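The sequence shown runs contiguously to residue 473 in our numbering.
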Amino acid sequence: MQTVAAQLRSLMTRRGAVPFLIICLWAIAAFPNLSVRSFIWEEGTNAEIARDILSNGNLLQPEVYGVRWNEKPSLLPWLIAGVAKITGEVNEFSARLPAMIAVVLTALLVQSLTHRYASLNASLLAATLFMFSPMLLQKLAIAEPDTLVTLFSFAAFIVWWNGVEAGRVGWGRWIGCGLLLAVLAMAKGPQPVGYFALGVLAYLVLTRRWRDVPGLLVCLLIPAAATIAWAAAVYRPGDEATWIGYARLRSAPSFSDYIFRNTDVFLRLVVESMPAILLAPLLWRARVTEWSIPPVALPLALYAGLCTIAVVFWPGSNSRYAMPYVPAIAVLAGFAWDAIARTKYACLRRTTVAIACGLTAIQIVLANLVMPLFADRFGGSRIAGQSIERAIRANPAPAFCTDLATNQLFYMRAGPIRCVDPANLGSIVAPAWLIVPREQLPLLVQLNPDRSTRVAVETDSGSRLSAVRLDRR
Numbered sequence: 001m002q003t004v005a006a007q008l009r010s011l012m013t014r015r016g017a018v019p020f021l022i023i024c025l026w027a028i029a030a031f032p033n034l035s036v037r038s039f040i041w042e043e044g045t046n047a048e049i050a051r052d053i054l055s056n057g058n059l060l061q062p063e064v065y066g067v068r069w070n071e072k073p074s075l076l077p078w079l080i081a082g083v084a085k086i087t088g089e090v091n092e093f094s095a096r097l098p099a100m101i102a103v104v105l106t107a108l109l110v111q112s113l114t115h116r117y118a119s120l121n122a123s124l125l126a127a128t129l130f131m132f133s134p135m136l137l138q139k140l141a142i143a144e145p146d147t148l149v150t151l152f153s154f155a156a157f158i159v160w161w162n163g164v165e166a167g168r169v170g171w172g173r174w175i176g177c178g179l180l181l182a183v184l185a186m187a188k189g190p191q192p193v194g195y196f197a198l199g200v201l202a203y204l205v206l207t208r209r210w211r212d213v214p215g216l217l218v219c220l221l222i223p224a225a226a227t228i229a230w231a232a233a234v235y236r237p238g239d240e241a242t243w244i245g246y247a248r249l250r251s252a253p254s255f256s257d258y259i260f261r262n263t264d265v266f267l268r269l270v271v272e273s274m275p276a277i278l279l280a281p282l283l284w285r286a287r288v289t290e291w292s293i294p295p296v297a298l299p300l301a302l303y304a305g306l307c308t309i310a311v312v313f314w315p316g317s318n319s320r321y322a323m324p325y326v327p328a329i330a331v332l333a334g335f336a337w338d339a340i341a342r343t344k345y346a347c348l349r350r351t352t353v354a355i356a357c358g359l360t361a362i363q364i365v366l367a368n369l370v371m372p373l374f375a376d377r378f379g380g381s382r383i384a385g386q387s388i389e390r391a392i393r394a395n396p397a398p399a400f401c402t403d404l405a406t407n408q409l410f411y412m413r414a415g416p417i418r419c420v421d422p423a424n425l426g427s428i429v430a431p432a433w434l435i436v437p438r439e440q441l442p443l444l445v446q447l448n449p450d451r452s453t454r455v456a457v458e459t460d461s462g463s464r465l466s467a468v469r470l471d472r473r
């Protein structure tokens, strides 16, 4: 047994062994039965935007069922469209692959940065703590841009830190960071740039590196210019209201609602950061002479902490907006793993490993065993969309919707769909198909008193859509 353990340790020390293990863990946890689960959350919208890009060439200003999508730039749909060009169509695989690749690339960055200052075991643990944290498990195989934002933000941080560590951050490095942040801004707007901007600025102030402030300003001008260029290219009068709403600059909740919601955001962040959040603070509590705190720990803490505080206090916030802080917390936890080895906190090492192994096992079992056993439940949106499609194909007519229920309607391929205001349901020319949420059925009947409204399909997934056939009496 000891011989086997020694061989395993020897194998792990080989060049590339740990990154290879990380990639294998990611593949086993993310790829199996990837297409069993139909689209959830914002996946259908991103897939429909990619489909519109491929079909109509609307790269900067795509449409979803005839509605302009001007909320933010569409980096993820652009990537989805690129993958679909290779695979042949927009589906669950092509839609989810870019975000999935972002997860494993970030995990490899976490492992590399941790191993620069800590043991190989600590670096593997840090990558695992990132990849299988509760926050990342929600997005591990989901076609949403949060993982892309996390990748480009953390990559910019590492590019900057490499310059600091070398003794000088040159203009080329600042511009490189700016380009990475510009790509980030194309995924979800400029707000997540705050992680890099606040963290680096605070470090420059604390260490009095005033000579680097002009470089930081130039760096931040690049994503600002990219965002302004996109906005200028797509702008129509009234768009500013959409952008203000998307930035949560319009939120004015009551005091009680604000306290309740933002306390919930804070508690979710604590839970979703487990178990790394257990170890990371102990890096500064451990008192050992043979292990010193790495110089990157301070900028990592500033990077992770300052913008996350803003997220916690921002009205209308959501815990997933803080995803860029997870890799930094994971690296700090990896450092703490080594630092507390011979302290009174050493018992937390076993607790952390147990939680990490449990979360990893849950994801692997979910992807490999649970999903195929309960395929109907995980494929509810697909089943709903295909049910509506069969009804429309059996009795063709123009189709209209009142809700961007893209997770269901993506699978409805019986023809184009146009989105209309619910108040205009009475002005649609019959015959037609009206695909509306179930709660809008009374309004539909009320607005069409002289026409036949027959409910052909009722679904229970997502928006609980009903397909209603509208005919003349």
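Heads up, the beta-carbon is just placed ideally off N, CA and C, and yes, glycines get one too.
No experiment lies behind these values; they were computed from the predicted model shown.
Same chain, Cβ closer than 6 Å to residue i, five either side skipped, listed in chain order
i      : result
Gly178 : Cys219 and Ile222
Met186 : Pro73 and Leu75
Thr227 : Ala185 and Pro190
Ser463 : Asp403, Ala405 and Pro437
Ala155 : Leu180
Pro32  : Ala367 and Asn368
Leu425 : Leu444 and Leu447
Residues of its chain near residue i, where Cβ-Cβ distance is below 8 Å and the 5 sequence neighbours each way are ignored
i      : result
Leu204 : Trp210, Asp212, Val213 and Leu216
Leu323 : One point to set straight first is that residue 323 is Met, not Leu, in the sequence displayed. The answer, listed in chain order, is Met135, Leu136, Lys139, Asp146, Thr147, Val149 and Thr150.
Glu63  : Asp52, Asn56 and Trp69
Val36  : Met371, Pro372, Ala375, Phe378 and Gly379
Arg320 : Met135, Gln138, Lys139 and Asp146
Residue i - partner residues in DSSP beta bridges
i      : result
Ala432 : Leu470
Val67  : Val64
Helix, strand or coil at residue i [DSSP, three-state]
i      : result
Arg248 : coil
Ser119 : coil
Ser153 : helix
Thr453 : strand
Phe400 : strand
Leu140 : coil
Pro190 : coil
Glu42  : coil
Leu279 : helix
Pro223 : helix
Pro437 : strand
Glu458 : strand
Leu465 : strand
Pro32  : coil
Leu204 : helix
Pro253 : coil
Phe196 : helix
Thr406 : helix
Arg236 : coil
Gly176 : helix
Val265 : helix
Met412 : coil
Pro372 : helix
Gly316 : coil
Unbroken beta strand (DSSP E) run spanning residue i, endpoints
i      : result
Arg418 : Ile417 to Cys419
Sequence-distant residues of its chain with Cβ nearer than 7 Å to residue i (five each side left out)
i      : result
Ser153 : Leu184, Pro192, Tyr195, Phe196 and Pro324
Val4   : Low confidence applies here, because Val4 scores a pLDDT of 47, under 50, leaving its location unreliable; read the following figure in that light. None.
Ile158 : Leu109 and Leu113
Ile329 : Ser273, Ala276, Ile277, Ala280 and Ala304
His115 : Ser123
Val83  : Ser94, Leu97 and Pro98
Ile23  : Val104
Lys188 : Lys72, Pro145 and Val149
Tyr117 : Pro294, Val296 and Phe335
Trp26  : Val103, Val104, Ala107 and Met131
Asn318 : Val265
Ala202 : Leu302 and Leu306
Arg473 : Asp450, Arg451 and Ser452
Start and end residues, alpha helix (DSSP H) containing residue i
i      : result
Tyr303 : Ala297 to Phe313
Arg393 : Gly380 to Ala394
Tyr325 : Tyr325 to Ala339
Ile86  : Leu75 to Thr87
Ile364 : Cys347 to Val365
ask   = Would you say the segment 271–286 touches the segment 329–345, given that touching needs at least three Cβ pairs under 8 Å?
value = The segment 271–286, when compared against the segment 329–345, does touch it at the 8 Å Cβ threshold.
At least three beta-carbon pairs within less than 8 Å, the segment 261–280 to the segment 350–360: Taking 8 Å as the limit for Cβ pairs, the verdict is that the segment 350–360 does touch the segment 261–280.
- Query: Does the segment 121–130 touch the segment 164–179, meaning 3 or more C-beta pairs lie closer than 8 Å?
  - Reply: Taking a cut-off of 8 Å on C-beta distances, the segment 164–179 does not touch the segment 121–130, as fewer than three cross pairs fall below it.
Any contact between the segment 308–319 and the segment 87–100? By contact I mean 3 or more CB pairs, one from each, below 8 Å.
These segments do not touch.
| said: Using a Cβ distance threshold of 8 Å, determine whether the segment 382–392 contacts the segment 403–423, with at least three qualifying pairs required. | reply: Judged by Cβ distances under 8 Å, the segment 382–392 makes contact with the segment 403–423, as three or more pairs qualify.
Would you call the segment 420–436 and the segment 363–381 touching, i.e. three or more CB-CB distances under 8 Å? Touching, no.
Between the segment 448–468 and the segment 376–384, do three or more beta carbon pairs fall short of 8 Å? Contact annotation: the segment 448–468 touches the segment 376–384, with at least three C-beta pairs closer than 8 Å.
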